[in-house]
Amino acid sequence: MIIPEFSKFVTNLKFNDIPKVSIEKAKLCFLDYLSVYKKGLYEENSKIAIKTLLDLGYLKTDDILNKGLINGIASHSLDLDDGHRLAFLHPGVIIFSTALAILQDEKIKECSNISVETFFESVIASYEIAIVLGMLVNPNHRNQGFHSTGTIGSIISSVTASKLLNFSLEETINALALATTQSAGFLESDHSGSMAKTLHVGKAVYNGLLSTFLAKNGFTGAESIIEGNEGFLKSMVSSRNFDNVDFNVFLEDNLGKFHINKVYLKKYPFCRHIHSSIDAILNLRRDLLKYGDADFVFNLINKIQIKTYKIASEHDDYSPKTKAALKQSLPYAIAIYLVCGDLSLDLIDELIDEGLLSEDSEFTLKENMDLNNKVFLIKSIAKNVVINLDTELEDLTPEKRPSKISINLNKDYALGFDFDETIENLVLYPLGECENPLLWDDIINKFSNLNPNFNLSKLEVLKTMENKSIYEVLDFLKNDN
C-alpha cells in the first residue's frame, strides 16, 4: 500500500543518505520561502486571517495549529513560491510553513530539541513524497478541478511534522492517513480571483499538523486511504484508470530520486503557467527596443499572438477584477511587461491604484486616450493579445512548459528596419527551472526586493546552516536589523 511505503521512506531517510547537491537545493528553497513568507505576512489576506483568529480568540503564541495556518496563507499570497512542473504543485510553501510552526513552538523545543540534520531529513523527505505523489495523480487530478497544493499539501504537512518529531513507522502511517482524508481545495477558487487559493495552503498545513498530533496520541487512519476502493485515487483522480498500475513498480522507479533537485523557483508573481510567455515577451521587448523608444515600439505592434499548451492557454482573463485574478491573467501579464519592462509587486500595486482593474468602457478609453498613460496602454495591448492552444506545444508537456509569441508589426513603421513583418520567440523552459535556473544571488536579490529593510548579511547563516543548531539559525534570522 502507498501510505506504508511512503512512511517507510520517511522514517528510514537519514541525513548521510542525502546528496550534497540536495542539501544545497534545500537551503536555496528555504531562502526563497523566507523571502516570500516575510513579505506575505503583510498582504491583505494574511491580515484578514490574523484578525479573524483574534476575533475568535484563537490566536495564541503557543497555538501551533494557527501558526501553521497563518504561515501557509502568508507564504502563498504572493504567487512567488517554488514548485515542480511534473507534480503540478508548490511543495515548499507547505513544508517550510509546517516546519516553522513546529520549530517555533517553545514546548516542542524544550522536549525535542530538533537537530539541523532532522530538519534537512524532514524537508528532503517531504519534497520527495510531494513530488512522487504529484507525478502519480497529475495532470488528471488537476484537470478534475483540484488544487494539488491544497489536496496533496495536507499529506505533505504530516510528512514534515512526523519526521521532525521522530515518529515511529506506525505513527507516521496514521499521520499520513489522517491527513489524506482531509485533502481539499478546488481550482475554481484559484481561477475566480479569490483569496481562497491561499486558504488551501493554510488549511493543508493546519490539517497536516492536526493529523500528526492526533496520530501521536493513538488516533488511527486507513492505510489504504490513497489506493483503496473509496480512497483518494478513486474519488479525486477518477479520470485516470489505475487498474493496470503496479504501485510497487511506480514507487520503486520514482521514490528516493531526490526530486527536490528539479524544483523550480519563481521570479514573477504570476501563475507558473504564464511564465514561459513572460520570458518570451521579455526577449521580444528587448529586441524591439533596439529600434527605437517605447512610443515607437507601441506604434509598431499590430497584434500579439501567443501559442502555448492547454493549461496555459486557459489563463485568458481579459478583464481581471481583483489582484488575485490579475495574477492568473496571461494577456495582462504580457501587456504589463511590454509596457513597463517590469512585473514587480510594487509596480502591480501602483498600477492597481491607478485604475488597472477598473471597469472602463470602450468609450471612456477612447475619450481618455493617452499614450503616456501606462494603464491605458496596458489595457489596450491586453485586448489585442490572441491566445491559441498549439497541439505541437501541448505534446511537449509536461516535460516542458512551452510558449511561442509572435508580434505582427505595422508595415508602415517597420519599413526600412532589419526585421521581418512578424517577429517571434519560443521558450521551452521558463526562468527558474533546473534547465534555466535561478541561483543563490538571484534569490538574494528577490529577498531584497520583497524585504528592503532586512539585513541581508544575516542570510549568510543559511549557507553553512548544517554546521549549526536549527534553533540558532532561526534565532539569528528572527531579528531583522
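Using the working numbering, read the sequence shown as starting at 205 and increasing by one per residue.
All C-beta atoms in this analysis are idealised placements derived from N, C-alpha and C, irrespective of residue type, glycine included.
Check: Spatial distance of G545 from L555 (CA atoms); Outcome: 13 Å
Check: Alpha carbon of A445 to alpha carbon of N344, nearest angstrom; Outcome: The sequence shown places Asn at residue 445, not Ala. Looking at the two C-alpha atoms, the distance is approximately 10 Å.
Check: Alpha carbon of I515 to alpha carbon of C315, nearest angstrom; Outcome: 47 Å
Check: Environment of S565 [buried if 16+ CB atoms lie within 10 Å]; Outcome: Low confidence applies here, because S565 scores a pLDDT of 46, under 50, leaving its location unreliable; read the following figure in that light. Counting Cβ neighbours within 10 Å, S565 comes out exposed, since fewer than 16 surround it.
Check: Distance CB(L284)-CB(V240) smaller than 7 Å; Outcome: yes
Check: C-beta atoms of F300 and Y237 nearer than 7 Å; Outcome: yes
Check: Cα-Cα separation between S442 and E628, rounded to whole angstroms; Outcome: 39 Å
Check: Residue of S330, D447 and I647 minimising C-alpha distance to L635; Outcome: I647
Check: Beta-carbon gap between L459 and F213 smaller than 7 Å; Outcome: yes
Check: Chain-order list of residues whose beta-carbon lies under 7 Å from that of P223 (same chain, five-residue window excluded); Outcome: F462
Check: Residue span of the beta strand (DSSP E) that contains E628, given as start and end; Outcome: T626 to V631
Check: Same chain, Cβ closer than 7 Å to F567, five either side skipped, listed in chain order; Outcome: Confidence in F567 is poor, its pLDDT being 35 and thus under 50, which makes the residue's placement too unreliable to answer from.
Check: Cβ of N640 within 7 Å of any chain D Cβ; Outcome: Going by chain labels, chain D is absent from the structure shown, which holds only one protein chain.
Check: Helix, strand or coil at L413 [DSSP, three-state]; Outcome: helix
Check: Nearest neighbour of L232, chosen from V405, S673, K667 and V336 [CA to CA]; Outcome: K667
Check: Nearest to L293 (by Cα), restricted to the options T302, I485 and V336; Outcome: V336
Check: Rounded C-alpha distance that separates E520 from E598; Outcome: For the record, residue 520 in the displayed sequence is Asp; it is not Glu. Those two C-alpha atoms are separated by around 16 Å.
Check: N655 and K251 closer than 7 Å at C-beta; Outcome: no
Check: For N448, the nearest candidate out of G435, E431 and I464 (CA to CA); Outcome: E431
Check: Collapsed DSSP secondary structure at G406 in the structure displayed; Outcome: helix
Check: Alpha-carbon to alpha-carbon, K662 and F680; Outcome: 7 Å
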